Amino acid sequence: MGTPAGPQLSYEDIALMIEHSVLRPELSEEDVRTGCEIAREYRVASVSVRPSDVDLAVRWMEGSGVLVASVVSFPHGSATTAVKLYETRDLVRRGVKEIDTVLNLGKMISRQFQYVEMELQQMAQACHDAGAALKVAFENGYLSEDLKTIACKICKRAEIDYARTSTPFGPAAYSLDDIRLMRRLCGDRVKIKASGGVRTLNDVLAVREAGCVRVGTIATVSILEAWKMELAARKTARVT
Numbered sequence: 507m508g509t510p511a512g513p514q515l516s517y518e519d520i521a522l523m524i525e526h527s528v529l530r531p532e533l534s535e536e537d538v539r540t541g542c543e544i545a546r547e548y549r550v551a552s553v554s555v556r557p558s559d560v561d562l563a564v565r566w567m568e569g570s571g572v573l574v575a576s577v578v579s580f581p582h583g584s585a586t587t588a589v590k591l592y593e594t595r596d597l598v599r600r601g602v603k604e605i606d607t608v609l610n611l612g613k614m615i616s617r618q619f620q621y622v623e624m625e626l627q628q629m630a631q632a633c634h635d636a637g638a639a640l641k642v643a644f645e646n647g648y649l650s651e652d653l654k655t656i657a658c659k660i661c662k663r664a665e666i667d668y669a670r671t672s673t674p675f676g677p678a679a680y681s682l683d684d685i686r687l688m689r690r691l692c693g694d695r696v697k698i699k700a701s702g703g704v705r706t707l708n709d710v711l712a713v714r715e716a717g718c719v720r721v722g723t724i725a726t727v728s729i730l731e732a733w734k735m736e737l738a739a740r741k742t743a744r745v746t
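When we follow the working numbering, the leftmost residue of the sequence shown carries the number 507, and every step to the right adds one.
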């Protein structure tokens, strides 16, 4: 396969990077159930579902060890702060352990940085009060280099848990350069998540090397089946 991963990595090292995404608007309830079953079977970090699917997902994932994630003001980040806080508190009350949101891009591009920072501080506090994590997508395809830099500093000060490159619904997928920039500027406390175009095992290994600890993807099965094959091939090679 020729993957760049070192032989010391285990199945869990890759599986626990993955957040299985079940967010597309046309998915049926049966599709959501299937997504939850995939997350359970492959023992990934979390499964991300639409807010209206949270109650079902929390019930289906009980006892699995897989966290339930959901989204607030997604994918554009343009709701008011009050609405975002209501949604956040409602979702964590229902059992969500990870919240994904998006920077208010209009405010960010308008350079209303205090607004953005105060909003994220309040959302982070609402999550942390309930033992949940907050992940914030930059949607880097819309941001200039200086705005990416400022967004990193805002997220660090707001004490969010993960800074995310993009959503699958934005104008551009993740880039390794953006990941490296975010890793360098966000500090040790803020973890980095890549999404929007993470489709293969090589993608996962590349973003891991660049500094990511989490990826959002719909390609969980193909990625982890490829990883199982790679691990089996390495084991065989060591034996022979």
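Ideal Cβ placement from N, Cα and C applies to all residues, glycine included. Remember, predicted model here, so these are calculated numbers, not experimental data.
When DSSP labels each residue in this structure, what does residue i get in the three-state scheme?
i    : result
H526 : strand
S701 : coil
L533 : coil
H582 : coil
T673 : coil
Q618 : coil
G508 : Unreliable placement is indicated for G508, whose pLDDT of 49 sits below 50; no coordinate value is reported for it.
R740 : helix
L515 : coil
L649 : coil
R539 : helix
V598 : helix
Identify every residue that forms a DSSP beta bridge with residue i.
i    : result
G722 : E525
D606 : V577, K641
If you follow the beta strand (DSSP E) that residue i is part of, which residue opens it and which one closes it?
i    : result
R670 : 668-670
V553 : 552-555
Specify, as a first and last residue, the run of the alpha helix (DSSP H) that residue i falls within.
i    : result
D561 : 560-567
V713 : 707-716
R689 : 682-692
Nearest to residue i by CA position, among the options, is which residue?
i    : options                : result
S554 : I524, G583, C692       : I524
L548 : R744, K741, T742, A732 : What sits at residue 548 in the sequence shown is Tyr, not Leu. Closest by alpha carbon: A732.
D667 : A725, G583, R720       : R720
A725 : E535, G703, K734, K741 : G703
H526 : A743, A739, V727       : V727
F644 : C633, A679, A632, Q628 : A679
T594 : E625, G693, G676, V572 : E625
Y592 : L682, C633, E715       : C633
Give a yes or no on contact between the stretch 606-622 and the stretch 655-664, applying the rule of three or more CB pairs nearer than 8 angstroms. yes
For the stretch 595-606 against the stretch 621-640, do three or more pairs of beta-carbon atoms, one drawn from each stretch, fall closer than 8 angstroms, so that the two count as touching? Yes: the two stretches touch, three or more of their Cβ pairs being nearer than 8 angstroms.
Counting pairs of beta carbons, one from the stretch 558-567 and one from the stretch 528-548, are three or more of them closer than 8 angstroms? yes
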